[in-house]
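Enquirer: Residue numbers (the working numbering), protein chains in the order written: chain S, 1 to 209; chain D, 1001 to 1209; chain X, 2001 to 2209; chain F, 3001 to 3209; chain P, 4001 to 4209; chain Y, 5001 to 5209; chain R, 6001 to 6209; chain G, 7001 to 7209.
Ideal Cβ positions, reconstructed from N, Cα and C, are used throughout, including at glycine.
My structure is below; once you've seen it, I'll send some questions.
Protein chains: 8
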Amino acid sequence: LRQGFPEVIFGESKTVGQMEQIIMALLGKGNNVLATRVDGEKGAALMHKFPVASYHRESRCLTIEQKPVEAKGRGKIVVISAGTSDMPVAGEAVITARIMGNEVETLFDVGVAGLHRLLARKELLFSASVIIVVAGMEGALPSVVGGLVDKPVIAVPTSVGYGASFGGVAALLGMLNSCAAGVTVVNIDNGFGAAYAASLINRESSSTI
Amino acid sequence: LRQGFPEVIFGESKTVGQMEQIIMALLGKGNNVLATRVDGEKGAALMHKFPVASYHRESRCLTIEQKPVEAKGRGKIVVISAGTSDMPVAGEAVITARIMGNEVETLFDVGVAGLHRLLARKELLFSASVIIVVAGMEGALPSVVGGLVDKPVIAVPTSVGYGASFGGVAALLGMLNSCAAGVTVVNIDNGFGAAYAASLINRESSSTI
Amino acid sequence: LRQGFPEVIFGESKTVGQMEQIIMALLGKGNNVLATRVDGEKGAALMHKFPVASYHRESRCLTIEQKPVEAKGRGKIVVISAGTSDMPVAGEAVITARIMGNEVETLFDVGVAGLHRLLARKELLFSASVIIVVAGMEGALPSVVGGLVDKPVIAVPTSVGYGASFGGVAALLGMLNSCAAGVTVVNIDNGFGAAYAASLINRESSSTI
Amino acid sequence: LRQGFPEVIFGESKTVGQMEQIIMALLGKGNNVLATRVDGEKGAALMHKFPVASYHRESRCLTIEQKPVEAKGRGKIVVISAGTSDMPVAGEAVITARIMGNEVETLFDVGVAGLHRLLARKELLFSASVIIVVAGMEGALPSVVGGLVDKPVIAVPTSVGYGASFGGVAALLGMLNSCAAGVTVVNIDNGFGAAYAASLINRESSSTI
Amino acid sequence: LRQGFPEVIFGESKTVGQMEQIIMALLGKGNNVLATRVDGEKGAALMHKFPVASYHRESRCLTIEQKPVEAKGRGKIVVISAGTSDMPVAGEAVITARIMGNEVETLFDVGVAGLHRLLARKELLFSASVIIVVAGMEGALPSVVGGLVDKPVIAVPTSVGYGASFGGVAALLGMLNSCAAGVTVVNIDNGFGAAYAASLINRESSSTI
Amino acid sequence: LRQGFPEVIFGESKTVGQMEQIIMALLGKGNNVLATRVDGEKGAALMHKFPVASYHRESRCLTIEQKPVEAKGRGKIVVISAGTSDMPVAGEAVITARIMGNEVETLFDVGVAGLHRLLARKELLFSASVIIVVAGMEGALPSVVGGLVDKPVIAVPTSVGYGASFGGVAALLGMLNSCAAGVTVVNIDNGFGAAYAASLINRESSSTI
Amino acid sequence: LRQGFPEVIFGESKTVGQMEQIIMALLGKGNNVLATRVDGEKGAALMHKFPVASYHRESRCLTIEQKPVEAKGRGKIVVISAGTSDMPVAGEAVITARIMGNEVETLFDVGVAGLHRLLARKELLFSASVIIVVAGMEGALPSVVGGLVDKPVIAVPTSVGYGASFGGVAALLGMLNSCAAGVTVVNIDNGFGAAYAASLINRESSSTI
Amino acid sequence: LRQGFPEVIFGESKTVGQMEQIIMALLGKGNNVLATRVDGEKGAALMHKFPVASYHRESRCLTIEQKPVEAKGRGKIVVISAGTSDMPVAGEAVITARIMGNEVETLFDVGVAGLHRLLARKELLFSASVIIVVAGMEGALPSVVGGLVDKPVIAVPTSVGYGASFGGVAALLGMLNSCAAGVTVVNIDNGFGAAYAASLINRESSSTI
Ligand SMILES: Nc1ncnc2c1ncn2[C@@H]1O[C@H](COP(=O)(O)O)[C@@H](O)[C@H]1O
Ligand SMILES: Nc1ncnc2c1ncn2[C@@H]1O[C@H](COP(=O)(O)O)[C@@H](O)[C@H]1O
Ligand SMILES: Nc1ncnc2c1ncn2[C@@H]1O[C@H](COP(=O)(O)O)[C@@H](O)[C@H]1O
Ligand SMILES: Nc1ncnc2c1ncn2[C@@H]1O[C@H](COP(=O)(O)O)[C@@H](O)[C@H]1O
Ligand SMILES: [Mg+2]
Ligand SMILES: [Mg+2]
Ligand SMILES: [Mg+2]
Ligand SMILES: [Mg+2]
Ligand SMILES: [Mg+2]
Ligand SMILES: [Mg+2]
Ligand SMILES: [Mg+2]
Ligand SMILES: [Mg+2]
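Here you go:
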């Protein structure tokens, strides 16, 4: 397989009919299914067609696990988010990482303005093999996390904010300019992409993904 | 006096001759003198004319204290900076705050990627009446400081950085989107403006500045 | 308390259910409540649950004062706005400042194109301990106010305008480049943040906020 | 004549040789000469070739008046500038307006942070037939002037400033969003263009320019 | 009167009730009424209250002429637009100019890609005392017009276009960089502002506006 | 050959030594040579090494024609430029088009503000098989040309201008939003790229380039 | 005919009534009809009026071929698109190119992340006389195609994407900076414009379009 | 150790004296030394002080290996660059990765416009445990590489280009919008940061870095 996971369906610009067809094909090949950016209405329609599916409303993801997810990682992926409004994006990352065979642990609502909550969970950070940090507004959290641990940090800016946040641009720039080494960045709101990259990092180098 | 300090000379677009004239006038009225954005060459020329002056090379400031600076603040201004490259801007703030009659303490090189250095000095933060935080790159430090203390924080973005720092824009946006309440922001590299505002904040409300 | 006021609820990305829960918790601890960015529909639902609450439609704020607000400031906060369309943001500032224990006075609709209305109220400006200036379009008002008084001025750009106002960016840039010293700036439409900072400035330096 | 004044030489991207040739041609036809954006070195070279010329160092303009400038306006053009650093641009406007046959009066260094200097000269504003307002930083002056008088105001943003002034963009946006009606805007630093337009406005409608 | 026309109501952010009140006040003082940015629904409601009013649907303007408009201009204002989609903005300019007492003539749908239509009407251009040029997309029309005539040209960029037109920014920049002297610019879609400035230009210099 | 012309050397980021080596190799294979973006100093050094070369100072191009250029086009490429400052970019286009085997004719200094110069040469436009239009500032010329003829127009924005021209961005946006169909655009100052594309268009479809 | 095809109706800002009128006029003159940017509702209304028309829902185009389309090209136009979401824009290009008399072939869903699909169809690329490449997100496909063939490539960025795609700006910039020579670019989502230019390129140079 | 490698000196804003001091300290602790962004002049001065150092002119790095670099990776890091102008940034990545104990292989000058060079080296890509892809202009290379392999790809945009490359922004946006999953991005020109992150990824999860 080229990309390590059968195919992830990007639901944003697809009709229910188009997704139905791709899902049928994937199921026919014996694969598990992950569709992202599936809004509530499309989610309901697909649940109706595939009662075996799970629809994750907040994260707008739909999954079907017709076979057990096979554990493939050499360690644990930790997903951290700064505020409650970042949860949908963090959720997309969690669901993606899990269905790709990774152990995932989460640490939510630990924004930079309340550092003690983060510092209280240092041991969790140290136990990770990769860390995904999801944050909007000023996007400062990845720098703080990256300064505490020697693990790869994947930063996900979110479009949370208003005014001069410019739909996530402030957070994106903050992350690209992180003063902590070891931080790399994905597109605004791209929880899926962060988890996909984290999953590749978490593989045994010898394994076929 | 309209603006609380006789007149601050913005040296960037002034010739040595023009500054000389303004300085003479200020001295003639018995005032102390502060000139900012005075580059090395202009500084040397002015030192030659006014041997009693002090030229602060790194901060590009020139000061003349012909009378003792009168203490006017009700508390202490603490100036914090993230990295060594932010020092010139932090220095401009320190010099401005001091000549305007404030007690000033500093905490330099305490970037977000090395939080322990900042956390080790919490008591200094708590002792401030206003805090100026100078930072470039992702501009995350004011949020961390603002989350630790209940004091007004004035954030100064610096033009330090490269690539997607866009000459200080990334830091500026980070600060405007700070998730810690109580943070206000001044223009990129405007150490003077931050100190001026901090000085107004630090006055007894009844005092004529 | 870390941030001087129990907790302010940012209502924009929260459901009525989430807000209800937080409000219950705050009330249970004997606190007063402030929620900002609460749209009309959510406001109505919350009023239904908490008949004792006040919903400020124009400013999209909800407040519950189960105990008298304790006066805490050493002076007065004056809130100025340029045009009628800036009123919602100015209102958010007023409500925030009041519930945090400050005496607040207002001066609305005194735009730069009609200076006489502002100049006629100079004595009000002089009586302030901090001034919040709310303005959209070209954002010139804080400079004019800052040039008249020696008090800290907190400038709030608003998203009012069209075309090249770019949702408040023109006003934001105008304020960051203010030619009057003593002006600091918060995010576009952030009336809450301005009032929070003003409130910290207005405290007795010795008081625990 | 197509554009009302023989031809104005934009010196920025021309060599001394190229300008020399154009000047010769203009003089040969009996015209007066105006060249803008002529830096010091080119200015010196041209003064050497044309000793009868005047080189205006600060404004980077070179003029040759081989015949008396003919008065053509129906009123007076007033040129106002906010700060000393805006003087070169204001100067370009003054020189252009004068050589095009207009009576010009000036009011310099009347920035928005020191309004009293402007208000003290209201009668000058009222006596104008067109007003050119030159300002950098936040570009607020045209709004104030436009609010005081019922005359066409042409606003010229300048590249004066640093950080978030973005080379004049902050001033430009401020002027485009002016809350005073009757204000129109030209390009950053375009003193020439403002004066050219003012000159067209100041003509008798029947006159051939 | 400060601004030469009693008061123009900017309807965008006003309720029907608010506008009703202002209109009543204006009518009570014997004035004519102009309200801009009045959408269809508000327009219908106001027509119901004031059957004597005219609602200009395409231009979103409402006018009431309870007394004849007094001719005040020394010449004619010509309003030119590039394409059919620019008509609402051009219409706002026409209505504003007319109710302010100017003779107005129009030349619509003469875009730069079909120059012959413009060139065929040169005599109309020459007969103007001021020209307003409304154009979206690349905003090239003001340069062409400005190159043909020696009259003040006020350029109005419109938000017409898609993709890299960025809501009128492409047209705005084109106009600010016009290679024809004598062109000044107003905000995107600001037909009102262009007409107001044109009206000031078109006055006898001695008249009280 | 993959790209139709042996290899064009982009001189901007290459040392004289690096270019010398590539030129030797090209000459060794019997090819003609074109190097673009060769500044004066590098040009002089290369002329010293290859006295047979021609250095085109204004266009910063170096060419060596060791064999006659073979005519390959099915028609003529016309290169038009708006102002004298656009000449270097236009020159790069001309040199590139010629050495690639095309007949080239030029029409320079025909800006939009002086349309008659362009209209006087319509027959030249009609005789072209492709037209390259080079313009800075507002970039309006390609629309005018595209409206006159039914030939492919390649628009080249130049970085000529100041202030809100933003180094060619205003012209680029103007061209992308052209209201004349048939216009395509290349990067700012990319005379080479325009000529390369024009050359591909001008080929007989059956010819191997 | 000025522009080679009778008239193309840009439906975005036109009412059904306006389009109906233009269509009637075109049909009356014996022309075929192409309308672009016709949304579903308008499309249905027009189909009702003109049952002979074809409405292409995905591409939002409406066509009426009352006479056979006359073949006019000297070769074939190949339209390539990167992803399924780019199909509407690619479709607009295909329909435009066909009704203008060109042979068109398509190659869809051959994004850069799955190169083998593109490489498998090299012979199709080689058979084209012009290639239109439609791509969103990073806009890399035109560079790859341009590197494989020696034919003119017209790149169409699409607004497909989210976050830092900025509505097609990322793709647009990628295409303007293409490292393959021979690529020219049109506005975001402008499938029509690409096909129009391709059609001009594909004409016999001697033909009247 | 906090960051896995003793300390990397960012030379850009440091004086020779400052760097000398830090290097002495590092050597005193027995560490190897890496300094980045050391320009030629500073490099020469430091070589004079530390004759044992290596100065890498093109990449502006200075290294001192006083003890053998200990191999620490579980696989190989492959560094790919698109063009010769990207070499300095790619070199910074190579030097950083090597001194941090990784096996590094390189593949330079394999731009997207000449895909065959990349496709010819597929086996090298497959042998990597992490791939760093350095590219300027349109930044398309990481998407192509990411589409070929199932390994983590770290994309480094470079400031190479002109015009609409905006100093690396076009490449940065292209990379953030990559259509290949598994790609993460660092700041423009940040070869060091990419290599640091790659090095963390390449560690055995159990190892102390
Ligand atoms: N939320 C997401 N954000 C970005 N890319 C995604 C997302 N979900 C899926 N994808 C990618 O989109 C590809 C499918 O695109 P498509 O063929 O348009 O459905 C998948 O292979 C993923 O690489
Ligand atoms: N470094 C600085 N940044 C911003 N404003 C400054 C600075 N230094 C001085 N100023 C302000 O500039 C004013 C003087 O401006 P000028 O009249 O141009 O010299 C002073 O009154 C200060 O308010
Ligand atoms: N369409 C318009 N665009 C810009 N400004 C306008 C417009 N219509 C009215 N105005 C201005 O808005 C002012 C009234 O603003 P307001 O007090 O908010 O109603 C008037 O005096 C005009 O100067
Ligand atoms: N999808 C499109 N994008 C850009 N321009 C178009 C499009 N469709 C038609 N046009 C152009 O718009 C012109 C008609 O514009 P209008 O007069 O506003 O209908 C046509 O002659 C075409 O050149
Ligand atoms: Mg780390
Ligand atoms: Mg705080
Ligand atoms: Mg003040
Ligand atoms: Mg006025
Ligand atoms: Mg003219
Ligand atoms: Mg044409
Ligand atoms: Mg090619
Ligand atoms: Mg991959």
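1. Starting from residue 7120 of chain G, find everything on chain Y with Cβ-Cβ shorter than 8 Å and list it in chain order.
2. Inspect the CB distances between the region 4129-4139 of chain P and the region 6143-6161 of chain R and report whether three or more fall short of 8 Å.
3. Where does the unbroken alpha helix (DSSP H) through residue 4103 of chain P begin, and where does it stop?
4. With a threshold of 16 other CB atoms inside 10 Å of the CB of residue 6117 of chain R, please say whether the residue is buried or exposed.
5. So the candidates are S:110, S:146, S:125, S:94; which of them puts its Cα closest to the Cα of residue 83 of chain S?
6. Any heavy atom of ligand 1 within a distance shorter than 7 Å of the CB on residue 74 of chain S?
7. Identify whether residue 3188 of chain F lies in helix, strand or coil by the three-state DSSP scheme.
8. Under the criterion of a Cβ to heavy atom distance below 7 Å, does residue 9 of chain S qualify as lining ligand 1?
9. Looking at chain X, which residues of the region 1144-1157 of chain D have a Cβ within less than 9 Å of any of its Cβ atoms?
10. Looking at C-beta atoms only, is the number of pairs between the region 3140-3151 of chain F and the region 3175-3186 of chain F that lie closer than 8 Å three or more?
11. Just reading off the alpha helix (DSSP H) that residue 16 of chain S is part of, what are its end residues?
12. Please list, in chain order, the chain P residues whose beta carbon lies closer than 8 Å to that of residue 3211 of chain F.
13. List the residues of chain Y that residue 3189 of chain F touches, going by C-beta distances under 7 Å, in chain order.
14. Is the region 25-44 of chain S close to the region 59-75 of chain S, with three or more CB pairs under 8 Å?
15. So that I know if they touch, is there some Cβ in chain R lying closer than 8 Å to that of residue 7087 of chain G?
16. Should residue 37 of chain S be counted as a contact of ligand 1 given a C-beta to heavy atom distance under 7 Å?
17. CB residue 7092 of chain G to CB residue 7192 of chain G, shorter than 8 Å?
18. Could you pull the start and end residues of the beta strand (DSSP E) that residue 7076 of chain G belongs to?
19. Does ligand 1 have even one heavy atom less than 7 Å from the beta-carbon of residue 170 of chain S?
20. Could you tell me the distance, in whole angstroms, from the CA atom of residue 1115 of chain D to the CA atom of residue 147 of chain S?
21. Does the beta-carbon of residue 5049 of chain Y have 16 or more other beta-carbons within 10 angstroms, so that it is buried, or is it exposed?
22. Which residues mark the beginning and the end of the beta strand (DSSP E) in which residue 1084 of chain D is found?
23. Counting only runs of 4+ residues fully inside the region 32-68 of chain S, write out the alpha helix (DSSP H) ranges in chain order.
24. For the region 5120-5159 of chain Y, list the alpha helix (DSSP H) runs that are entirely contained and at least 4 residues long, ordered along the chain.
25. Could you tell me if residue 6197 of chain R is buried or exposed, where buried requires 16 or more neighbouring beta carbons within 10 angstroms of its beta carbon?
26. Is the shortest distance between the beta-carbon of residue 99 of chain S and the beta-carbons of chain G less than 8 Å?
27. Below 8 Å on the Cβ atoms is my contact criterion, and I expect residue 155 of chain S with residue 75 of chain S to pass it. Report the Cβ-Cβ distance as a whole number of Å.
28. Pick out whichever of X:2101, X:2152, X:2108 has its Cα sitting closest to the Cα of residue 2126 of chain X.
29. Taking the C-alpha atoms as reference points, what is the distance between residue 176 of chain S and residue 7201 of chain G?
Expert: Short version:
1. Per Cβ cutoff of 8 Å: no residues; residue 7120 of chain G is ~14 Å from chain Y at best.
2. no
3. Unbroken run through residue 4103 of chain P is the beta strand (DSSP E), 4103-4107; no alpha helix (DSSP H).
4. exposed
5. S:110
6. Between ligand 1 and the CB of residue 74 of chain S, the shortest heavy atom gap is not smaller than 7 Å.
7. coil
8. At least one heavy atom of ligand 1 is nearer than 7 Å to the Cβ of residue 9 of chain S, so yes.
9. 1146, 1147, 1148, 1149, 1150, 1151, 1152, 1153, 1154, 1155
10. yes
11. 16-28
12. Given a span of 3001 to 3209 for chain F in the structure shown, any question on residue 3211 of chain F remains unanswerable.
13. 5162, 5163
14. yes
15. no
16. yes
17. yes
18. 7076-7081
19. no
20. 7 Å
21. exposed
22. From DSSP, residue 1084 of chain D is part of no beta strand (DSSP E); its letter is neither H nor E.
23. 40-49
24. With a minimum length of 4 residues, the unbroken runs of alpha helix (DSSP H) contained wholly in the region 5120-5159 of chain Y fall at 5122-5126, 5141-5148.
25. buried
26. no
27. Going by Cβ atoms, the distance from residue 155 of chain S to residue 75 of chain S rounds to 19 Å, so no, they are not a contact pair.
28. Out of X:2101, X:2152, X:2108, X:2152 has the C-alpha closest to the C-alpha of residue 2126 of chain X.
29. 18 Å
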